[in-house]
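In order, the protein sequence lines correspond to chains A and B.
Using the working numbering, the first residue of the first sequence is number 17, and each one after it goes up by one.
Using the working numbering, the first residue of the second sequence is number 582, and each one after it goes up by one.
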Amino acid sequence: MLFIMQLTSLLLVVGLLQVSAKSFSQNRITLSVNDQPLKQVFKELRLQSGYDFVYSSRVLKRLKNVSLHLKDASLDEAMMQCLKGQPLAYTILDKTIVISLKDNSISSATLQMPDTVIHVRGRVVDETGQPLSGVSVVLQGTTTGTMTDDGGRYTLILSEDEGTLVYSSIGYVKKEMPVKGKVLINVTLDKATSSLDQLVVVGYGTQKKGDLTGAITSISSKDFDQQPVTRLDEAMAGRAPGVQVTRTAGAPGGAVRIRIRGDNSLTGSNEPLYVIDGLVGADFTDINANDIANIEILKDASATAIYGSRGANGVVIITTKSGQKGTMKVDFMTRISSARVIKRYPIMDAADFAEVVNARGLALAADPSAYVPRFSDDQIASYRKNGGTDWQDEIFRPALGQEYQLGLSGGNENTTFRVSANYLNQKGVIDNSDYKRYSISSSLNTDFSDKFSFRFRFAGTRNEYHNTSGTGARGGSLGQALAWAPTTQVRDSQGNFIIKDPTSSIFQNPVALNEETDNRNNRTNLNLIGGLRYEFVPGLSLDAQLGIDYTNLENKGYIGPDISGNTPSASRSSNENILLQNTENLTFDRVFGDVHHLKITAVFETQKFIGSGFNVSVNDLTYPSLSYNNIALSASSNVGSGYSDWSLLSLLGRVDYSYKDKYLITANLRRDGSSKFQGKNKYSVFPSAAVGWKLSKEPFIRDMGIFSDLKIRASWGMTGNQGIGSYGTLSSYVSNIDDAGAVFEANGTIVPGVILGNPGNPALKWETTEQTDAGADISLLKGRLNVTVDYFIKNTRDLLLSEPVPGYLGGYSKLSNVGKMQNKGWEFAVSMNVLDIGQFNWTSSANLSLLKNKLVSLGEGTPSIILGQFILQPGYPIGSFYLNKYLGTWKPGEADQASLYGAKPGDAHYEDVNGDGVIDTKDYTITGNSVPKATIGWNNTFSYRHFSLNIFLQGMLGYDKLNYSYAFGMLASTDAKEVLFSDIKNRYIPGINETSNIPAFSGTPTNAIIQSSRFLDPAGFLRLKNIGLSYNFPHTVLKKIQDLNLFVDVTNLFTITHYRGIDPEANSNATGGLGSGGINVDAQSGTDQGAYPNAVVFTAGLKINF
Amino acid sequence: MKWSFIIILLIIVSGCSKDFLHEQPKGLVYGDVAISDVPSLDAALTGAYKGVLRTWSRGFLTASFQGFSMGGDDLTTLAGGNKASKRQIDQFDVTADNPDIAQIWNGCYKMIQGANNVIANGPKILPTVGGDQSQTALVNDIMGEAYFLRAMGYYWLVRGWGPIPLLTQISYEVTPELLNIERSQPKDVYQVIEDDLKKAIELLPDAKRDPGRPNKGSAMALLADVYLTEGGWPVKDASKYALAAAEAKQVIDNKDRFGFSLVDLNLLWSETTVAPPGSAKEDVFAFQTAENYGGSNNSFTGASTIPAEEGGWEDYESEINFFNNFPEGKRKNLTFHTIFKASDGSMVPWQKSISGHPYYAKFRIDNNGNWWSAQPVHMIRYAKVLLCYAEAQARADGAPNSDAYQALNDVRLRAGETPVSGLSPSDFINLAVNERGWEFAGEGTTRWFDLQRLEMVEEMNDDVHRNVLENPIIGDHGKITEALYWFPVPLTDQNINPNLK
């Protein structure tokens, strides 16, 4: 009985949220009565539906009898039929149907004078003192009750002065008050902090939160609307356990790495699968964060297996906002921001630098007596007096940003709509970099009839990235600002750029790099989704959806004369990607015998992708000022084009069964066929199963009175990773002219050629990830404290590995299914209403994820794979650094030992791992790791009266980063030929500073080793991601305006870290794709070579709703 | 609502064509169809060239070329700075992760793979051209070039690494056998080289198809050089000297037929971005490059060879004693750059310069701020054929004949030196060897390999010959042993194949 009530309230929520409360599909009612009193009919309906009825017996007595013939009708239909022609209305609340008089229900109800004379009156208000209307007030154990009016007032006539009144309303915690002879009972209802009835979008359907058996984290727009969030990753960062969001490039619109429960693949993508309004495989940058209603993060196999071959990396389901019935709503929001770089590198001023150059030159001179100082004393004195160039000053700037958001929504009985437009313009803290976004989206839902509904969504987004990528590379302006000598000027006396640094860097002038680089990446995405839904009979419906996702990528690049040796070059490329999707979803949902709830979902889905593009790059433009806009006039051109396609054909099914709403079982099966594989490898089946037990529904737990909810659950399943490119089974040739073309005449035009590329592997197949998860959802203190705990083990087998092919066999790499990888971890999420005193309220949510990655095998005969400064070695996690272990400097007492290595005190001292008396690459050893072991997030909202303060901390712990920015600036043996970092002043100086671990200037070759733990920094950090204050104008002040909210925010205000660079979060590696050796960059990221750092952003803005 | 069913039905049907899961690699060159006719065979040959001609990645287009030969006494690099990889070679302390040696290793093997592919497919294409004579000739030319390239690849590899994996078949399959292949001994490698060059001589035409390709004479000249090397360490087969002399003589006798001759050194080392017209006759074989294609630039000219005073990268320069012992005159003046123009306009002699070394003028170009040019990569110059003949003949016959004197004096005369006569056989041979060092100074093709084959490495790097201002020898505890004549196999390959450690 209880179960039915729960389900019905679930559906009630659907009704309120969406279109109408039409179908109560679980409660099939068959009833045939002739001329019976209403009371009798209600009794019958109560038995069949499981709903309690609240009514006034006296009113009912006066009404005429009814005749009724129902067969398999919904409760709704039954009620309509039953009350037809009666002056009665009904409202469904929680699990109760409240019957009242149609016109003036409340007062009418009170007019019915009872036999006894006890009147109880009162007022029901919410936490802020606002009156609550429509609250049901029922005398416990009876059908006597009423509802509050618009002013929150109620009057109830009771037959005795004992008993308990129960106050309930959707979205509020139920409250019980003993009558004890009182005639005035005022009540404050608390907002329900956790609603287990809340609906959660799961793959190809929805489920009540309380019924979930899988590990799914939900983020609602309410969780981040207090913060200046513009993109999906910002909404997810720190808010979901098991999700790691790393903002690897701090540029506006910059790259971000999102990983759910670790990295599973060495060659395939580790990106989660994004599903936006049912479109599988969408790109998250194509959505405006203001359009997001809900984000569901599917983590365990039970949740993700429904996505089969693409579920292994977790799934992020995004549901966009849609309109609601009622009057039209207009909401407007604007934000203005100013950003500055979070920190700077300590670099010497010109005079100190010149002295260090001289000191180093002298120390390294073959014949010190003949050494002529690079900088004279006069020059140094002049630098001391006049200063030099602070290159960081030259490239960084305070950067402004603005965002405008306008939304219109509304609807009538049958149709709802929402239209939203957004404009975002953010400048980057590095000069001449910026990001703009224009987006518009609209959605329309309409019911043609009770059975047939239609929905349509259109969204268009244009992202314009200007110099936001590449700027963070070593050759970029920040990298070079850390390499150019402070003694070198930006421009000469004529105002022209100094092209070459005579002292330190061998690369381009950082300021010229900023000014003469013009890279634009314009991404235009159009997304159309149309869906039809038909309900054959209540509980059985077919949903057909067609989606088209069109993306055009237009890239333009220009490199000016001062940074190209006076051969300005330009490039353009255009790519068009079309993804078509067709989904048919048949759902059957019914309750049998009051206790068996069965839900079956069967889906047929196809997807087809076609991408094609062309590119051209030219050298030595005749008219540089026309840059990429007129590339016909140039000395040479390089043209290419490409095509790729794939298709996926899927059949999937899911069965959800629950018994007495206590025992839950979910089983999934998906069969995917993919064009990317051959023969029997084309098809694969991905099963999963999960069980849940709502312990809190068991009397022995319920009677303890501790838990308002307690559920334990466990799941197992398999998912695949199809994140490899098309045509991996084919051996193909490289044919682009830079890599395969040659010239045969002096300065001739290029002759195109073909060169053997990666050997294909016809036996290629899916990578399979098997995941086991156990979790518990606990709710205590009447729902004020909620805890979710999960433990998981993911084993990936048939690991796709891009095995390096030795140079003697032509190099490149070959994809094979060879290895094994494991990820396991714990996830904890706690949310709590910490304090609620008067008008002060503090809610807090925190999460912690612990992740342990281990590479289990690289296949037979491959003991390890070395990827530059990284190594893949079974038994160790991916991202392990492979370095010479630095032990500090040789100290004065160690001269004899040092000399065995050709070193002397003051020289760098490394561990001689193989003990052969030589420090070289054979002494590399696994030292440190770049994958964070723990991720934490802590979000707090304090509200007092109309003020609200948000404090959000985020951190990643337990990882290292190879700080090459620092290494390059300290070694003077890379593209920077001199030492620039202030740290060098603390170096070992014989006789003066012999405790320092920064080696002395010396020609000893091992001092210049860069691949060393000397430059490995712990990178763990805790960051104040957001602190924001907002003020909500009280309704008494506002007239026609519904809400007015003013806010100020600061993001990234401070960072606690031991990292020596600017930003522990930023790194110089790409966020996706393959790196060296054809191995995913995830296994070899975590180096900083001038990475674009994150910024401190000050934001102010307002929101208005009409 | 019947129409709703129709719509749904249509949607369902739309996804189910028979070939739905069939991928269409419309933009891909792949599989056996990739080489199916003469143009595609020629494209594969172009790809074989590309093996050693990918700027910054593989082969002979960067200063890795000079770096590879830095064991010679004509080349050195900075004591500090970012030149560790080249310094390792200069100091005989080469680690397996050295990027300069990897460029040559990977480049030569990529070229060999491409050549293997052409050699395997050429015979299949030949019947398809029917009786078309020009097409038949073209296929033969393509095959001849492929044999030439494979030989040249192995010649560089065997001198760099000694015993090496020897692959003469093309295979798409990366089998465990291939991944664990054993090294072949130098004499076996030389056998393949000789056989390939003989085939190339047979197949190649007299006239080069393009300036950047070999002709019959190029293959003969390379074979002569191979024989000369085989006469010395490590093969030490003295009978090869006669073969070297004979092969070189054929080239000299037919130089007009092949279009070879010495050109004025002023023309050859004209410091232009593109070699001037008329200079190409010097090249028996040269790879061509282009200014405007990033993947095909010559990047060891210009900035790479420019001193710090002039804002260069200082990748390689001359050793001090080599410069000091270099005979004065026209050739010396054209070979070296000795007075540097500092950014403040002052002129700095090399002795007072930051690096304290003379630089090579040979590789300067119009704008030395650029690191790219269209200068050819002189792999075999005609002067080399002459000097090869002179030395080989003298060694083979025990004394130089008049043709040998003629050959040596042709080179000396062009260099502005006086002709020699009446030398003892050993003096003649020594002069021929030294002449090679001077003539090809800094080019990366000759001096190091001469020291290696003649086992002069230790001597030329001893305290007497090597200036104290040079980077000190690290070697094996300060000594150079013959084990250090060869490089370790690049780490990336060692890591995959334990037999290469």
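Ideal placement from N, C-alpha and C gives every residue a C-beta, glycine not left out.
Does DSSP classify residue i as helix, strand or coil?
| i | result |
| --- | --- |
| Thr162 of chain A | strand |
| Ala379 of chain A | helix |
| Gly324 of chain A | helix |
| Leu614 of chain A | strand |
| Met1037 of chain B | coil |
| Ser51 of chain A | Looking at the sequence itself, residue 51 of chain A is Asp, so the reference to Ser does not match. Three-state result, Asp51 of chain A: strand. |
| Met801 of chain B | helix |
| Lys607 of chain B | coil |
| Val699 of chain B | helix |
| Trp1123 of chain A | The structure shown does not extend to residue 1123 of chain A, since chain A is modelled only from 17 to 1122, so the question has no answer here. |
| Met21 of chain A | Annotation note: pLDDT 37 at Met21 of chain A (below 50); position unreliable, no value reported. |
Suppose contacts are defined by Cβ-Cβ distances below 9 Å. Is residue i in contact with residue j by that definition?
| i | j | result |
| --- | --- | --- |
| Phe944 of chain B | Phe881 of chain B | yes |
| Thr540 of chain A | Thr484 of chain A | no |
| Gly1087 of chain B | Ile693 of chain B | Outside the shown range of chain B, which is 582 to 1082, sits residue 1087 of chain B, and nothing can be said about it. |
| Gly703 of chain B | Ala727 of chain B | yes |
| Asn833 of chain A | Glu783 of chain A | yes |
| Gly145 of chain A | Lys710 of chain A | no |
Please report the straight-line C-alpha distance between residue i and residue j, rounded to a whole angstrom.
| i | j | result |
| --- | --- | --- |
| Ile122 of chain A | Tyr106 of chain A | Below a pLDDT of 50, predicted positions are generally treated as unreliable, and Ile122 of chain A, at 42, falls in that range; no measurement from the model is reported. |
| Pro130 of chain A | Asp725 of chain A | Residue placement at Pro130 of chain A is flagged as unreliable, the pLDDT there being 42, under the threshold of 50; the coordinate-derived value follows with that caveat. Cα to Cα, the separation comes out at about 39 Å. |
| Tyr611 of chain B | Ala624 of chain B | 13 Å |
| Thr905 of chain A | Ile1025 of chain A | 13 Å |
| Arg740 of chain B | Phe673 of chain B | 15 Å |
| Gly721 of chain A | Val1064 of chain A | 43 Å |
| Thr204 of chain A | Gly168 of chain A | 10 Å |
| Asn1009 of chain A | Arg1003 of chain A | 7 Å |
| Thr765 of chain A | Gly979 of chain B | 49 Å |
| Lys190 of chain A | Arg137 of chain A | 18 Å |
| Ala790 of chain A | Asp806 of chain A | 6 Å |
| Leu1081 of chain B | Gln1075 of chain B | 5 Å |
| Ser39 of chain A | Asn438 of chain A | Confidence is the limiting factor: at Ser39 of chain A the pLDDT is only 37, short of 50, which leaves the residue's position unreliable and the question unanswerable from this model. |
| Thr735 of chain A | Gly892 of chain B | 57 Å |
How would you list, in chain order, the residues of chain B whose beta-carbon sits under 9 Å from the beta-carbon of residue i?
| i | result |
| --- | --- |
| Glu429 of chain A | Residues of chain B passing the Cβ test: none, with the nearest at roughly 19 Å. |
Taking residue i as the query, report the chain A residues whose CB atoms sit under 8 Å from its CB, ordered along the chain.
| i | result |
| --- | --- |
| Arg794 of chain B | Phe760 |
| Asn663 of chain B | Ile522, Ser989, Thr990, Asp991, Lys993 |
Determine the chain B residues that contact residue i at a beta-carbon separation under 8 Å, and present them in chain order.
| i | result |
| --- | --- |
| Asn535 of chain A | Those within 8 Å of Asn535 of chain A in chain B number zero; the least Cβ separation is about 16 Å. |
| Ala1127 of chain A | Because chain A in this structure spans residues 17 to 1122, residue 1127 of chain A falls outside the shown range and cannot be described. |
Return yes when the C-beta of residue i is under 8 Å from any heavy atom of the ligand ATP, and no when it is not.
| i | result |
| --- | --- |
| Glu551 of chain A | Annotation note on the ligand ATP: not contained in the displayed structure, which lists no ligands. |
Output, in chain order, the set of chain B residues within a Cβ distance shorter than 7 Å of residue i.
| i | result |
| --- | --- |
| Leu746 of chain A | Pro606, Leu609, Tyr611, Gly612 |
Taking residue i as the query, report the chain A residues whose CB atoms sit under 9 Å from its CB, ordered along the chain.
| i | result |
| --- | --- |
| Ala625 of chain B | Tyr749, Gly769, Val770, Ile771, Leu772 |
Which chain A residues are close to residue i, counting only those with a beta carbon under 7 Å from its beta carbon?
| i | result |
| --- | --- |
| Asn951 of chain B | Gly581 |
Self-check item: Chain-ordered residues of the region 889–920 of chain B with a beta carbon less than 7 Å from chain A
Solution: Result list: Gly892, Trp894.
Quiz prompt | Where the region 867–886 of chain B meets chain A: residues whose CB sits under 7 Å from a CB there | solution = From the region 867–886 of chain B, only Gln869, Thr870, Ala871, Glu872, Asn873, Tyr874, Gly875, Gly876, Ser877 have a Cβ closer than 7 Å to chain A.
Exercise. Give, in chain order, every residue of the region 815–836 of chain A whose Cβ lies closer than 8 Å to some Cβ of chain B.
Key: Taking 8 Å as the cut-off between beta carbons, the residues of the region 815–836 of chain A near chain B are Glu819, Pro820, Val821, Pro822, Gly823, Tyr824, Leu825, Gly826, Gly827, Lys830, in sequence order.
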